[in-house]
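Please read the structure below before turning to the comments.
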Amino acid sequence: MRRVLRTSAVVAALLGLAACSNPYSPGQRALGGGLLGAGGGAAVAGLTGGDPATGALLGGAIGAVGGAITTPQRPYYGGYGPPRGYYRGW
């Protein structure tokens, strides 16, 4: 029973830390997706009677690829100031 609680606590901590990443960096999105996928894959494999290590490996790989592929573009805010010749109204 203690082993299950300890494993659950470690998985919960890893899942909580996996959400802390830069949304515009493909590398960090892949890392975060991999951690979330590994945790989810291990949990599902453990609940369904499969091998949690295999579930973590497959879930981590799928999560890493999904995180890297779905990286959004950085927003563009139109430069640093008004264009040349801009009338400021003075």
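Numbering of the sequence shown is given in the numbering used here, commencing with residue 33 and proceeding in unit increments.
Don't be surprised by glycine CBs; every beta carbon is placed ideally from N, CA and C.
Note that the structure is predicted; figures quoted are calculated from it, not measured.
Alpha carbon to alpha carbon, how far is Ala70 from Ala93? Give it in angstroms, no decimals.
-> The count along the sequence shown starts at 1 and reaches residue 93 at position 61. The count along the sequence shown starts at 1 and reaches residue 70 at position 38. Ala93 and Ala70 have their C-alpha atoms roughly 8 Å apart.
Can you tell me where the alpha helix (DSSP H) with Thr86 in it begins and where it stops?
-> The residue you call residue 86 lines up with position 54 of the sequence shown. For Thr86, the uninterrupted alpha helix (DSSP H) segment begins and ends at 84-101.
Taking Gly99 and Gly66 to be in contact with their CB atoms under 8 Å, please state how far apart those CB atoms are, rounded to whole angstroms.
-> Reading the sequence shown from its first residue, position 67 is the one you call residue 99. Reading the sequence shown from its first residue, position 34 is the one you call residue 66. Between the beta-carbon of Gly99 and that of Gly66 there is about 7 Å, and that keeps the pair under the 8 Å contact cut.
Option in Val97, Gly81, Ala77 with minimal Cα separation from Ala88 = Here residue 88 is taken as the residue at index 56 of the sequence shown, counted from 1. It is Ala77.
Please go through the same chain and pick out, in chain order, the residues whose beta-carbon is closer than 6 Å to the beta-carbon of Ala74, but skip the five residues on each side of it.
-> Translated into positions along the sequence shown, residue 74 becomes position 42. For Ala74, where only same-chain residues beyond five positions count, the Cβ hits under 6 Å are Pro84, Gly87, Ala88.
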